[in-house]
Amino acid sequence: MTTKTPPSPTTSRPYLSSRYVAPVLMLGVVAVGAALPVLRNHIFYMWDDTAAVGLPNWLRMADAITHGRLPLLELDMWRGGDLAAEGVGGMWNPVIVLVAIAASTFDNMALAITLGKTFFMMVMALGSYLLARGFGIRPTLSAAYGTMLPFAGYSLFVDGTAWVNALILSAFTPWLWWAARRVLHRDGSVLWVIVAAYLCLSLGNPYGLISTAVVLLAVMVEAWVVGNRPKIVWLALAGGAALLLNVQVYLPLMLSTSVGFRADNHTFNNEFFSPDLNDLATMSTPSAQPYIISWALPTLSVPAMYLAWFVLPLLPWLRWRRLVEVWRPLTSVLVLGGVFGLLMLGPSQIWLFRWPLRLIDFVWLAAGLAFMVLANFGLHRTHRIGRAAGSLAIIVAGGYLGWADTPTFLTRHVAAAIVVAVLVALLIRFDVTTRLGYGVLALGTLLVLGLQVFWFPGFYNVLNYQFPNSRALLEERFAKYEGLTVQLADLHRVGGQDLVPDRAYKDMLFGNMYSVAGVESTTAYSGIGFTRFDNTLCAVYQGSTTCPEAWGALWRNFPGYDVPLADLLRARTVVVQNKLIDTRRSTPPEGWRRDTAAEESGLVTVWKRIDPLPFPGGRLSHATPGVSIVDDRPAGDVAERVRFHRDDASGPAALTFARLAWPGYTATVDGRALNLRTGPAGLVVVDLPAGVTAGEVELTWSPPGATVSAVALYLGAALSIGLVIGPWYLRRRTRRPDLGDAEQARDDTPEPVGTGSLVEGGVRS
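Spelled out as structure tokens, the structure:
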């Protein structure tokens, strides 16, 4: 008797059958694709805010944490030093902390940030892969989905190059969606929902609040639709626990906006950074630069509305009627895509949330998933001529819209249309569900990406600082600046030929690069600012000084003071850009001299203090006449103690400190609370009480709302523990012994079992 041997799973399925092959190939494609832009532009990933604040703050955070402290308030960074209020550094996010520490081991900052961003692109890809698999999409298409999102135009060319915090949020969001649906359809633990939500929220990015809320709302709506409504409560509680754990991230920001330029936020529309429906029609046109109001240029210098070359051209070939069978488990896709789509097409600013194009990553997260759900059923094989004509019309229309926005690049648009047409033809020939089809998807994505990075080497709508890459070089160059360095320079007055590592950056730095160089400076990047200080020295967000009057303000005596602002700041070095204020022939201020040896580029004039600073031990810069200072010394990283005595304690007296009066300061004298106010240029002033002839003033700071944050943290931790232990305990009480093996088998099942979940082109009930 002959026994038939069943066909091998690897030969009976038209896709890669191993559960690991597809995701490993996907990560390889992502790694190769992430490296392509660097071949064209080695600082592609060190651009704009990444260069000015993202990477410098990572390095500061890594240095602080490896030395055993949290960088909540960095006094030497001045207007950019309230990192607790800035929020977006990610010091509360363990993944970012680990990546920052790893980045700090590199001297080459461009290489460090390239590797860091590549890692987060892989995190995005893997989370997207698992999300797609949770919808029952076959491994090859799930891998194609995971590759699609990191290389979408906005994700790579805007977030990837300039806004690292947004890139990281896009990387964590698919994990949250996957974890929430796992709770819904597989009875998974809410622990992973809390962890994923925490990672999204602890970035400090306000958009993390939106993405977390919308993802959980979308899955709760799906729970209602599929009839698993008890899970709504669990998901809501998990979201609440994650929010409580992150009160410490957002509360200091909310309580500090009163001192900065984020104080007055409202809703309005000026169409800035706002796409429209026409722009969405170019999502499969690799050469399209949308005509969206932005910075510097009339059009965006990158393909910001691009999603993937195959999405729109394949629409005529998809099996749309199959949606009737599987619409219920797709509810979260529709809700998430709909909410973010409406917000992206909405006003330019809603409260703290501005520039709606930023939401496109979440729109593509839903749109790409919806496409893959349909593609999972395979392509139609009927009416080929009509469908091919539809695909060609879509490609031509996209090319035309791209040309309409930038008609000077006709050759580019024609080439892009031809490449897309050929790739789409191959994909239709082999079908998206086969191994050859996956090869076309992967290699086609890399080919199109190669063309894009050749055409669009950088995001030129925003600032390209072109800082030196070497940290050691920065430390060596700027060791010449002693003590607090006040720089009066405008980045926009630096000529293009001078904005290179070996010209302007021999004497000047912007953003938080002085922190990297190890120099205390008032020049720093701040997302919230400090209005009184900024107005006095005409400082803007990235630390530039924009008006010549800042020079005079530095040497002016404020009412009630017998010394100029430079003394109140305890400045020892002043760097003046010649194009902003030409002080080369000026008479040196009293107690200062010009240091020509420090002027290497010829673009600045450097002034150095001759006279010693009073009170050399701490940051005290002025005491009212009649107050004698016995001792001034630091008391930890931020606190300070000043011992004083007065011969006549009947009149008013005050101490002024060279530190900005961020919310959170308190002062006491021998345990008695003192009045603390904001003085000249926003400096901390402590009033001494009448009748006290001697004592010790202790000045301390903690993030505003620290008590509330601590209580919220404990409540969030308790709720999280309860949400994890509670279901486990209930299951243990109610589980029958003979079901143990079945439950274990269910947990080990690689794909979800849920009402209407899609599996390999069909429906699993």
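All residue numbers for the sequence shown refer to my numbering, where the first residue is 2 and numbers rise by one. Quick reminder that beta carbons are idealized off the backbone N, C-alpha and C, glycines included.
{"Check": "Collapsed DSSP secondary structure at residue 562 in the structure displayed", "Outcome": "coil"}
{"Check": "Cβ-Cβ distance between residue 33 and residue 447 below 8 Å", "Outcome": "yes"}
{"Check": "Check whether residue 356 and residue 410 have beta carbons under 8 Å apart", "Outcome": "no"}
{"Check": "Option in 538, 334, 84, 49 with minimal Cα separation from residue 548", "Outcome": "538"}
{"Check": "Below-8 Å beta-carbon distance, residue 358 vs any chain D residue", "Outcome": "Included in the structure is just one protein chain, with no chain D present."}
{"Check": "Sequence-distant residues of its chain with Cβ nearer than 6 Å to residue 585 (five each side left out)", "Outcome": "606"}
{"Check": "Cβ separation of residue 158 and residue 460, assumed to be a contact under 8 Å, to the nearest whole Å", "Outcome": "6 Å"}
{"Check": "Outcome for residue 455 when other beta-carbon atoms lying within 10 angstroms are tallied against a minimum of 16", "Outcome": "exposed"}
{"Check": "Between the CA atoms of residue 726 and residue 373 - distance to the nearest angstrom", "Outcome": "36 Å"}
{"Check": "Pick from 733, 732, 718 that is closest to residue 238, judged by C-alpha positions", "Outcome": "718"}
{"Check": "The stretch 459-478 contacting the stretch 93-112, beta-carbon criterion three pairs below 8 Å", "Outcome": "yes"}
{"Check": "Three or more C-beta pairs below 8 Å linking the stretch 340-350 and the stretch 320-332", "Outcome": "no"}
{"Check": "Residue 597, buried or exposed, once every other Cβ within 10 Å from all chains shown has been counted against 16", "Outcome": "exposed"}
{"Check": "Backbone secondary structure at residue 704 - three-state DSSP", "Outcome": "coil"}
{"Check": "Three-way DSSP call (helix, strand, coil) for residue 639 in this model", "Outcome": "coil"}
{"Check": "CB contact flag (residue 331, residue 284, <8 Å)", "Outcome": "no"}
{"Check": "Limits of the alpha helix (DSSP H) - the one that residue 224 falls within", "Outcome": "207-227"}
{"Check": "Residue 99 classed as buried or exposed, judged by whether at least 16 other C-beta atoms fall within 10 angstroms", "Outcome": "exposed"}
{"Check": "Distance cut-off 7 Å: residue 399 Cβ against heavy atoms of the ligand NAP", "Outcome": "Here there are no bound small molecules, and the ligand NAP is not part of this structure."}
{"Check": "Short Cβ contact (8 Å threshold) for residue 338 with residue 371", "Outcome": "yes"}
{"Check": "Pairwise C-alpha distance: residue 37 and residue 457", "Outcome": "12 Å"}
{"Check": "contact_flag[the stretch 152-167, the stretch 394-404] where n(CB pairs < 8 Å) is 3 or more", "Outcome": "no"}
{"Check": "Residue 588 - DSSP class collapsed to helix/strand/coil", "Outcome": "coil"}
{"Check": "Three-state class that DSSP yields for residue 646 in the structure shown", "Outcome": "strand"}
{"Check": "Range covered by the beta strand (DSSP E) that runs through residue 622", "Outcome": "621-624"}
{"Check": "Span of the alpha helix (DSSP H) around residue 424", "Outcome": "411-431"}
{"Check": "Bounding residues of the beta strand (DSSP E) (the contiguous stretch that carries residue 248)", "Outcome": "Careful: residue 248 lies outside any beta strand (DSSP E), inside the alpha helix (DSSP H) at 248-257."}
{"Check": "CB contact flag (residue 677, residue 666, <8 Å)", "Outcome": "yes"}
{"Check": "Segment contact flag, the stretch 498-505 with the stretch 41-52, C-beta cutoff 8 Å, min 3 pairs", "Outcome": "no"}
{"Check": "Chain-order list of residues whose beta-carbon lies under 6 Å from that of residue 132 (same chain, five-residue window excluded)", "Outcome": "175, 178, 179"}
{"Check": "Which listed residue (358, 645, 230, 56) has its alpha carbon closest to that of residue 698", "Outcome": "645"}
{"Check": "Assumed close pair residue 686, residue 655 - CB separation to whole angstroms, cut-off 8 Å", "Outcome": "5 Å"}
{"Check": "Outcome for residue 498 when other beta-carbon atoms lying within 10 angstroms are tallied against a minimum of 16", "Outcome": "exposed"}
{"Check": "Own chain partners of residue 257 with C-beta closer than 7 Å, once the 5 adjacent residues on each side are dropped", "Outcome": "83, 86, 529, 663, 664, 705"}
{"Check": "For residue 29 and residue 433, the rounded distance between their alpha carbons", "Outcome": "20 Å"}
{"Check": "Of the listed residues 568, 590, 625, 661, nearest to residue 617 (C-alpha basis)", "Outcome": "568"}
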